[in-house]
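Everything on this sheet refers to the single structure shown next.
If you want it as structure tokens, here you go:
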């Protein structure tokens, strides 16, 4: 079940023996805890290729256009595999940008057809990464990207995460103890150890569903 931003902030506040709030932004301290919850969420997010973050994004080419934004991907995504040309039913090949300079930019007559090669280059005004395709598409061709796509930062009370809540809460609590400098005898190092264990347990539980998948703690 998704866990809301407000419930996580109040969970951490309760652990710190602070009053809970009706809105994350009610007090300067609850806002700080909100910031720490987001920091913890990002660390947990980046520690593993979580199943809940896996998705597919498809772009549809148009004739004579070689560059496209991967809408909704942002810049933090990871490719699960090579992009798929859904018309030719083939995985595309990565080429460095210098290769595209030679074959696309400096070539007076770039080849047109069904794209077989790709590279990422720059972002658009929405913050989505852009992809270059070659040959230059000559028709509407779906290109599918299977990705690990991180969630947006939590902002509103009801914003939620599909990530496991235990490691996020444990890590946010550790960060709050570190920021405050004490918490009634709870040692910050021991709480970070608890958070690390919670993260390892969550990853191990998910990894158990897949063959030949391991996680090595940093």
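In the working numbering, the protein residues as written are 136 to 353.
All C-beta atoms in this analysis are idealised placements derived from N, C-alpha and C, irrespective of residue type, glycine included.
Source: prediction; values computed, not measured.
Less than 8 Å divides the Cβ of residue 245 from the Cβ of residue 239. Apart from the 5 residues on each side of it in sequence, residue 169 sits with its Cβ closer than 6 Å to the Cβ of 144 and 159 in its chain, given in chain order. DSSP places residue 202 inside the beta strand (DSSP E), whose first and last residues are 202 to 204.
Relative to residue 256, the option among 282, 149 and 210 whose CA is nearest is 210. In the DSSP assignment, residue 282 falls outside any alpha helix (DSSP H) and within the unbroken beta strand (DSSP E) covering 277 to 283. Rounded to the nearest whole angstrom, the C-alpha separation of residue 137 and residue 288 is 14 Å. Residue 268 holds the alpha-carbon nearest to the alpha-carbon of residue 219 among 156, 339 and 268. The alpha-carbon of residue 259 is positioned some 15 Å away from that of residue 212. The DSSP-derived three-state label of residue 235 is helix.
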